[in-house]
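See below for the structure under consideration.
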Amino acid sequence: MAQAAEQMGAPRGLIQCLPHVTQEGTAELMRHRRTSVVMATGGSAMVRAAYSSGKPTLAVGPGNVPLYVHSFFQGS
């Protein structure tokens, strides 16, 4: 996904993955000062953590995927 985004003109590093995912690390990312919005999916504990992060949050339960389309999108 990162490579495809870069090929379409996105800045390198815009999309990143964590090599080891933990609940603590996820919570830290959600609360980080440079995080402006949280999009989360998963069980009730994950959704609750996202809404408790203090950030604007779009969270859904298991099997669902949150989607955000920015206003500058010009799709066909």
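Per our numbering, residue 39 is the first one in the sequence shown, and the count goes up by one each step. Think of the CB as a built atom: it goes at the ideal place given N, C-alpha and C, for glycine as much as any other residue.
Check: In three-state DSSP terms, what is A78?
Finding: strand
The beta strand (DSSP E) spanning A97 covers which residue range?
T95 to V98
- Query: From P49 to K93, what distance separates their C-alpha atoms?
  - Reply: 24 Å
| message | Beta-carbon within less than 8 Å of T73's beta-carbon, same chain only, minus the 5 sequence neighbours each way: which residues are those? | response | L67, S91 and K93
| message | Please return the same chain residues whose Cβ sits closer than 6 Å to the Cβ of A40, not counting the five positions on each side in sequence. | response | Within the same chain, A40 has close Cβ partners I53.
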